[in-house]
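What follows is a set of notes on a single structure, which appears directly below.
Residue numbers (the numbering used here), protein chains in the order written: chain R, 4 to 158; chain E, 11 to 75.
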């Protein structure tokens with residue numbers, strides 16, 4: 004009985020019906036910082052899990068590529084996937100100085116020669132890209148949670 | 011081979027768990043669904059690799075061209 008009550012409570016939308024403005028704001032927050040959308044909607048454990056999992060994946064990929072996998076190039080599809088991560092990608096694309104000063108490195112688009120010398124450059128690109136694309140799924144999940152409730156899809 | 015598994019298995023595991031967490035609320039369900047997705051993905055890749063290996067090893071499809 005308690006489980007049924009809890010289950011029906013979990014199905015309730017987190018926001019009043021039709022509150023698209025707040026739902027969009029939640030979605031934007033979830034895009035900027037992975038897990039923040041769920042955190043703001045009261046699913047704090049899940050938000051923390053998304054934050055740790057996605058930031059961990061992104062940072063692991065960035066480190067695997069020797070901190071060179073995130074850069075802007077118009078015809079580079081991976082960059083668009085990485086943009087799904089929000090803040091870290093935006094910071095890396097906009098101003099590289101804080102990170103380069105902190106780590107004593109310069110970040111730049113690898114040339115063909117240096118790219119070939121980095122054994123895990125492609126894997127690092129894949130990690131960062133998948134982290135960004137997973138965050139898009141998380142953003143849509145937070146949006147659904149806000150507007151239509153977020154209980155289990157299948158039981 | 012081992013390096014490939016070590017590089018890609020964690021990514022598959024994280025992706026499976028995150029995807030499961032977007033669809034379910036209960037921790038136990040998330041873990042089971044994530045593990046199921048992970049095993050199906052890795053098992054499918056290993057199976058596909060085995061099929062490709064067996065074809066290239068015994069059937070020599072380049073001879074068909």
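The beta-carbon is built from N, C-alpha and C at its ideal position, and this holds for glycine as well.
- Legend: CB atoms of the region 16-36 of chain E lying less than 9 Å from CB atoms of chain R belong to residues 17, 18, 20, 21, 24, 25, 27, 28, 29, 31, 32, 33, 34, 35, 36.
- In summary, the residues of the region 49-61 of chain R whose CB is separated from some CB of chain E by less than 8 Å are 49, 52, 53, 56, 57, 59, 60, in the order they occur in the chain.
- Against chain E, the CB of residue 144 of chain R has a partner CB under 8 Å away; the residue lies at that interface.
- Under the criterion of beta carbons closer than 8 Å, residue 57 of chain R and residue 88 of chain R qualify as touching, at roughly 7 Å.
- Pairing residue 30 of chain R with residue 92 of chain R, the inter-Cα distance amounts to about 17 Å.
- Between residue 43 of chain R and chain E, the shortest Cβ-Cβ separation is not below 8 Å.
- Put simply, the region 72-90 of chain R touches the region 33-40 of chain R. At least three CB pairs are less than 8 Å apart.
- At least one beta carbon of chain E lies nearer than 8 Å to the beta carbon of residue 140 of chain R.
- Excluding the 5 residues flanking it on each side, residue 63 of chain E has no same chain C-beta neighbour closer than 8 Å.
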